[in-house]
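Data block below; observations after.
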Amino acid sequence: MLFTVVIPVYNRAEIVKRTLDSVAAQTFRPLQVVLADNDSTDGTRAVLDRWASEHRADDMDIVVTSAPHHTAGAPRNRGFELATGDWVLFFDSDDVMHKRLVEDYATVINDSEFRPDIVSTRATLRQRDGSTSSLPFHTPPTAEALLPYQILNSQLATQRYAVRREFFERTDGWNIGVPVWNDWELGIRLLLLQPRVVYLKKNRVTVHDSGAASVTGTNFYSKHGQWEHVIDIARLNVMLDEHLQPEQRVRLVRLLEFKRMMLAAQYELEGRSDLAKPLCARSYAALRDTYDNNLCWRWWVSRVTRWLFAHATRGGRGNATVARHLY
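Using numbering that gives the first Met the number 0, the first residue of the sequence shown is number 0, and each one after it goes up by one.
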C-alpha cells in the first residue's frame, strides 16, 4: 500500500519545515510526497528543494512542482495529478502529523470489514497562545449520516482524512473557483458520492491557528460574499444530487441555511450588523420555506432558530449540536 502526501505551499518559508519534518518522521513506508509551490515570493521554493534533496530515499519519493497562484485548490489538483499512491492525504503547510498518522491509517484500512474509500482522524487545534482543544469528531456508520457533521463542523477538513485515489478520481477535484472553505465544499461533494468511511479514533493531527496568514484570517467580514457563495455552491450540489431522498435533501438544505445563519451571527459578533441582518433574514426565510410555514415551524422551530442566532451572537457554544436535532 502506497500513500501520497500532497502539500500546497504559498509563502511559508519560515514555518513549512515543521510540517515537512513531521512527514519525514512518519513510521510508515513507502511514501510519496508531492510539494506544490503556489508561486511563492519569499524563498519557499528553495526551502522545498533543499528539504527534498536531504530526505529523498528509496522508500520516500519526493516531487517538487509548481502551480499558478490562484487558490489552494490549484496546487492540490496539481499534486493529485502527480500522485501515484493508492491513498492520498492532502495536508496543509502549517500543520503537523503525529509520527504514526500514516501507519495508523494503514492499520484502520487493513482492519476494516469492507473496502473503505475515506478514513477520517481525530485532530487537535493549537491556538497561537499555546492552548489546545480537540476538534469535533464523530463516527456515524454511513456517509449520509456524516454529512450533517461535515456541514456544521467540517470534519473532513484538509488535514483530517485520507482518500482512496481511485475514489477521488470520481470527483471534479478541488474547486479552484472557491477561495475560502474549499475543503468544506469538497468534503460535502465527497460524501454525496456515498463513500465507505472508517475512522481513526486517535488524535493524530495538530492543526495550528495561523491567524492572519490563514484562509479565514482574523475575521469573516473582510471576505463577506465569498463565504455565502460557497454555501450557495454546496446547496446547489445538494439540490442536484440524484441519490438523495427528498427528506434527506430537505434536511441538508436546512442545515446549510443554518450554517449561513451562523455566518451572519459571526458578522454580528464582529460588529457588522449591516452584513449580519440581511444575511440572517435570508437564511431565516429559506428555513421557513422548507417548512411551508407550518405549525411546527411557527410554534417550535422558528422560536428555537431565533434563540440559536441570538445565542451565537453572544459567543454561545453548542449551536451545531442543537441544530442537528432541530432540523
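Idealized CB from N, CA, C, for every residue including glycine.
DSSP places TRP183 inside the alpha helix (DSSP H), whose first and last residues are 181-191. Check the Cα spacing between ARG313 and each of LEU268, PRO277, ARG297 and ARG323: the tightest is with LEU268.
In the three-state reduction of the DSSP assignment, HIS137 falls in the coil class, being assigned neither a helical nor a strand state. With 16 or more neighbouring CB atoms inside 10 Å of its own CB, PRO194 falls in the buried class.
Minimum Cα-Cα distance from VAL249 among the listed residues ALA280, THR289 and PHE257 corresponds to THR289. Per DSSP, reduced to three states, the secondary structure at ALA56 is strand. Here VAL101 is actually not in contact with ARG17; their C-beta atoms are around 17 Å apart, not less than 8 Å.
The closest CA to that of VAL46, considering only PRO245, LEU274, LEU19 and GLY78, is found on LEU19. Annotation for ASP38: TYR9, SER65, ALA66, PRO67 and HIS68 place their beta carbon closer than 8 Å to its own, counting only its chain and skipping 5 residues before and after.
Separation of ARG159 and SER119 (C-alpha to C-alpha, rounded to the nearest whole angstrom) is 6 Å.
Exclusion of the five residues before and after THR43 leaves VAL8, TYR9, ASN10, ARG11, ALA12, VAL15 and ASP36 as the residues of its chain whose Cβ lies within less than 8 Å of its Cβ. Counted as a single uninterrupted DSSP element, the beta strand (DSSP E) harbouring LYS200 occupies residues 196-207. Here LEU34 is bridged, per DSSP, to ILE6 and VAL63. At least 8 Å separates the beta-carbon of TYR104 from that of ALA142. Rounded to the nearest whole angstrom, the C-alpha separation of LEU189 and LYS276 is 32 Å. Taking one beta carbon from each stretch, the stretch 162-169 and the stretch 70-78 have fewer than 3 pairs nearer than 8 Å; the two do not touch.
Between ASP208 and ALA156, the alpha-carbon positions lie close to 14 Å from each other.
Between GLN149 and GLY186, the C-beta gap is smaller than 8 Å, which places the two residues in contact. Cβ neighbours of TYR266 within its own chain (closer than 6 Å, five residues either side excluded): TYR220, LEU274 and ALA275.
In this structure, the straight-line span from the alpha carbon of CYS295 to that of GLN244 is close to 21 Å. In the displayed model, PHE27 falls within coil according to three-state DSSP, outside both helix and strand.
Within 10 angstroms of the beta-carbon of ARG55 lie fewer than 16 other beta-carbons, which makes it exposed. Restricting attention to SER92, GLY224 and MET238, the CA atom closest to the CA of VAL32 is found in SER92. The beta carbon of CYS279 sits closer than 7 Å to those of MET260, ALA263 and PHE308, all from its chain and outside the five residues before and after it, given in chain order. Counting along the chain, TYR283 sits inside the alpha helix (DSSP H) bounded by residues 272-289.
Annotation for PRO29: LEU1 and ASP58 place their beta carbon closer than 6 Å to its own, counting only its chain and skipping 5 residues before and after.
TRP86: not part of any alpha helix (DSSP H); member of the beta strand (DSSP E) spanning 86-89, first to last residue. Closest in C-alpha terms to ASP116, from the list ALA122, VAL107 and SER153, comes VAL107.
In the structure shown, the three-state DSSP call for VAL22 is helix.
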